[in-house]
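Quick note: the sequence shown uses my numbering, first residue 816, plus one each step. Just so it is clear, CB atoms sit at the ideal spot from N, CA and C, and this is done for glycine as well. See structure below.
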Amino acid sequence: SNHPEHIINRHYNQVEKRLARFDSPVNIERVKGESIGQGTLVFLKADFENLQAGFSSIGARGKRAERVADEACQVLADYLKSDAASEPHLADQLVLPMALAKGESRFTTSQITRHLTT
Numbered sequence: 816s817n818h819p820e821h822i823i824n825r826h827y828n829q830v831e832k833r834l835a836r837f838d839s840p841v842n843i844e845r846v847k848g849e850s851i852g853q854g855t856l857v858f859l860k861a862d863f864e865n866l867q868a869g870f871s872s873i874g875a876r877g878k879r880a881e882r883v884a885d886e887a888c889q890v891l892a893d894y895l896k897s898d899a900a901s902e903p904h905l906a907d908q909l910v911l912p913m914a915l916a917k918g919e920s921r922f923t924t925s926q927i928t929r930h931l932t933t
């Protein structure tokens with residue numbers, strides 16, 4: 816929001832470059848939202864047969880647009896390389912219902928986040 820068009824283009828170009836190596840169709844949508852402040856976000860949604868997963872990175876002052884895109888793409892790549900059933904932020908959400916469920920519960924995740932351990 817409230818950034819020049821070239822920032823959005825830099826996100827787009829970097830994501831396109833990083834995702835080109837995957838043998839899957841890629842659909843990239845550029846969205847410029849309205850806001851009272853400035854900010855950038857790269858959000859990648861991956862659709863699988865029985866699951867949708869999201870991967871993101873948030874921009875910050877002084878953080879290059881390419882780095883924001885690279886961070887989101889790297890989390891997606893790590894997930895795709897793993898045999899994990901859940902992406903890192905879904906894992907955070909699974910813990911509570913699993914703790915309340917009867918019997919043993921298990922899941923795999925591509926990354927253990929700090930939020931998951933607290």
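Out of GLY852, LEU931, PHE863, PHE870, the CA that lies nearest to the CA of LEU909 is found in LEU931.
With respect to SER850, ASN817 sits close: the two C-beta atoms are nearer than 8 angstroms. Under DSSP, ASP862 takes part in a beta bridge, and its partners are GLN867. LYS847 and LEU911 have their alpha carbons spaced roughly 35 angstroms apart.
For the pair LEU856 and PHE870, the CB atoms are not nearer than the 8 angstroms cut-off.
LEU859 sits close to CYS888, with the two beta carbons spaced by under 8 angstroms.
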